[in-house]
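To start, the structure itself, in C-alpha cells.
Residue numbers (our numbering): 28 to 349.
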C-alpha cells in the first residue's frame with residue numbers, strides 16, 4: 028500500500044496495468060499496479076472534478092464547476108474531446124456514463140435533467156420532457172445491452188428509477204421505480220455482467236447503517252421489489268468522509284466504512300460471504316478482472332487487495348425476500 032492522499036475514486040486500465048485515483052476532489056494521481064501500487068505522477072486542478080471510466084484507452088473527467096465533460100487519453104492524459112451541458116438555471120454535472128456499443132454518453136443530473144451526447148456528431152439532446160421533475164439525480168448505470176439505465180433520486184428517501192433507453196428518439200422512458208423508507212446518501216448501482224439483475228449499495232443519512240446488495244430482477248419491474256441481501260451496520264462519525272463502494276465482476280464485492288464483503292457467485296440462493304475489516308475507510312472499489320485482486324481507494328491512498336487471503340470471518344447469507 029502507498030499512503031499518498033485521501034482517495035475518493037479509482038479507475039483501472041488492464042491494458043496499461045495502471046490506475047487513476049482522485050484525491051481531495053481536485054488531484055488526479057496515476058499509479059502502476061502490476062505489483063504493489065507505485066505512484067507515477069499527479070495533476071492538480073483548480074476546480075473539483077470527478078473521474079468516470081470509458082475504455083482501456085480513454086477516461087472521462089467531469090469538470091463540475093463549468094459542467095464540462097473532458098475525454099482524455101489514458102496513457103498521456105491528452106485531451107481528446109470536450110462537451111458542455113447546455114446552459115440553464117438548474118445546470119449540473121452530477122454523473123456521466125459511457126455507452127460503447129452506441130458511442131454515446133448519458134450525463135447531467137443533479138437538479139437538472141439528463142442528456143444524450145453523441146460522440147460522433149457532438150449533438151447533445153435532452154433525455155426527459157421539460158415537465159418531468161426529480162429530487163436530485165445521481166449515480167448512473169447501464170446494462171450490458173445498453174437497453175436499461177438506472178439513476179438515483181436521493182434528496183429524500185432511497186428512490187431510484189429504471190429507464191428504457193430509446194436511442195432513435197433520444198429519450199429515457201420510465202420502466203420501473205423503487206421507493207425505500209430511509210433517506211439515502213452516496214449510493215452505488217451496478218448491473219451484474221451478463222444478467223438483468225443489478226445491485227444497489229447505499230447508506231442512511233446518519234451514516235451508521237449501510238444496506239448492501241439489494242438485488243432486483245427484470246421480471247419484478249412491475250411487481251413488488253424483492254430485498255435480497257443483508258445490512259451492514261457501521262458506526263462512524265460525521266467528521267470523517269466515507270461512501271459506499273461496489274465492484275461486480277465474477278463476485279459481488281461491497282465496501283462500507285472499514286468493512287469489505289465478498290459474495291461468491293451472485294446467482295446462488297445461499298452462499299458464504301468473506302468479511303474483512305480493514306484499517307482504512309473504503310471510498311471506492313475497482314476489480315482487476317480474472318485476477319482475484321481488487322483496488323481500494325481509501326483515506327490513506329490506494330490498496331491492492333487479494334481476495335484469496337483469509338477473511339476476518341465468514342458470514343452465511345441466505346437470500347430470501349424480506
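Think of the CB as a built atom: it goes at the ideal place given N, C-alpha and C, for glycine as much as any other residue.
Small disclaimer: the values here were computed from a predicted structure and weren't measured.
Next item on the list: Take residue 225 and list the residues in its own chain whose beta-carbon comes closer than 8 Å to its own, dropping the five residues that flank it on each side.
Entry: 168, 170, 177, 216, 217, 218, 219, 242 and 243
Next item on the list: Following the continuous beta strand (DSSP E) through residue 155, name the residue where it begins and the one where it ends.
Entry: Where residue 155 is concerned, there is no enclosing beta strand (DSSP E), given that its DSSP letter is neither H nor E.
Notebook entry, point to check: Does the Cβ-Cβ distance between residue 98 and residue 106 come in under 9 Å?
Noted result: yes
Item checked: Whole-angstrom C-beta distance between residue 327 and residue 307, which should lie under 8 Å -> Contact holds; Cβ gap of about 5 Å.
Notebook entry, point to check: Based on Cα-Cα distance, which residue from 278, 139 and 83 lies nearest to residue 127?
Noted result: 83
Next item on the list: Measure the Cβ-Cβ separation of residue 322 and residue 134 and say whether it is below 9 Å.
Entry: In this structure, residue 322 lies away from residue 134, with their beta-carbon atoms at least 9 Å apart.
Checklist line | Neighbourhood of residue 132 by C-beta distance below 6 Å, restricted to the same chain and skipping five residues each side | finding: 123, 125 and 144
Check: Which residues does DSSP pair with residue 332 in a beta bridge?
Finding: 321
Check: With a cut-off of 9 Å, does the C-beta of residue 119 fall near any C-beta of chain B?
Finding: Absent here is chain B; the protein component of the structure consists of one chain.
Note to self: Suppose you measure from the CA of residue 153 to the CA of residue 164; what does that come to, to the nearest Å?
What the structure shows: 14 Å
Checklist line | In chain order, each beta strand (DSSP E) run of at least 3 residues that lies wholly inside the segment 39 to 124 | finding: 45 to 50, 54 to 59, 65 to 71, 76 to 80, 85 to 90, 95 to 100 and 106 to 111
Checklist line | Counted within 10 angstroms of its Cβ, other Cβ atoms place residue 339 as buried (16 or more) or exposed | finding: exposed
Next item on the list: Please classify residue 300: is it buried, with 16 or more other beta-carbons within 10 angstroms of its beta-carbon, or exposed?
Entry: buried
Check: Going by other Cβ atoms of all chains shown within 10 Å of its Cβ, with 16 needed for buried, is residue 190 buried or exposed?
Finding: Within a 10 Å sphere around the beta-carbon of residue 190 sit 16 or more other beta-carbons, which makes this residue buried.
Margin query: Within a Cβ cutoff of 6 Å, which residues of the same chain sit near residue 197, ignoring the five residues on either side of it in sequence?
Written below: 143 and 152
Check: What do you reckon, are the CB atoms on residue 88 and residue 77 nearer than 9 Å?
Finding: yes
Note to self: On the CB-based measure, 16 or more other CB atoms within 10 Å of its CB, does residue 34 come out buried or exposed?
What the structure shows: buried
Notebook entry, point to check: What are the residues that DSSP puts in a beta bridge with residue 274?
Noted result: 280
Checklist line | DSSP beta-bridge partners of residue 142 | finding: Residue 142 has 134 and 153 as its beta-bridge partners, per DSSP.
Next item on the list: Give the C-beta separation of residue 139 and residue 115 to the nearest angstrom, bearing in mind that I take them to be a contact with Cβ-Cβ under 8 Å.
Entry: 7 Å
Note to self: Buried or exposed, going by whether 16 or more other CB atoms sit within 10 Å of the CB of residue 286?
What the structure shows: Only buried fits residue 286, as 16 or more other CB atoms lie within 10 angstroms of its CB.
Check: Looking only at its own chain, which residues have a Cβ that is under 7 Å from the Cβ of residue 180, when we skip the five neighbours before and after it?
Finding: 161, 162, 163, 164, 186, 187 and 188
Next item on the list: May I have the straight-line CA-CA distance separating residue 137 from residue 91, to the nearest angstrom?
Entry: 11 Å
Notebook entry, point to check: So residue 311 is in the beta strand (DSSP E); what residue range does that whole segment cover?
Noted result: 309 to 315
Note to self: Please tell me whether residue 325 and residue 278 are closer than 9 Å, where the distance is taken between their beta carbons.
What the structure shows: no
Item checked: For residue 41 and residue 112, the rounded distance between their alpha carbons -> 30 Å
Item checked: Helix, strand or coil at residue 129 according to DSSP, with G and I counted as helix -> coil
Check: When the distance is taken between beta carbons, is residue 275 closer than 9 Å to residue 318?
Finding: no
Notebook entry, point to check: Which value, in whole angstroms, describes the spacing of the CA atoms of residue 108 and residue 66?
Noted result: 27 Å
Next item on the list: Using the DSSP secondary-structure output, state which residues sit across from residue 201 in a beta bridge.
Entry: 190
Note to self: So, at 6 Å on beta carbons, what are the nonlocal neighbours of residue 120 in its own chain, with the 5 sequence-adjacent residues on each side left out?
What the structure shows: 89, 91, 94 and 112
Check: Can you tell me the Cα-Cα spacing of residue 193 and residue 288, whole angstroms?
Finding: 36 Å
Notebook entry, point to check: Taking the continuous beta strand (DSSP E) assigned at residue 289, which residues delimit it?
Noted result: 286 to 290
Next item on the list: Could you check if residue 61 is buried or exposed, using at least 16 other CB atoms within 10 Å of its CB as the buried criterion?
Entry: exposed
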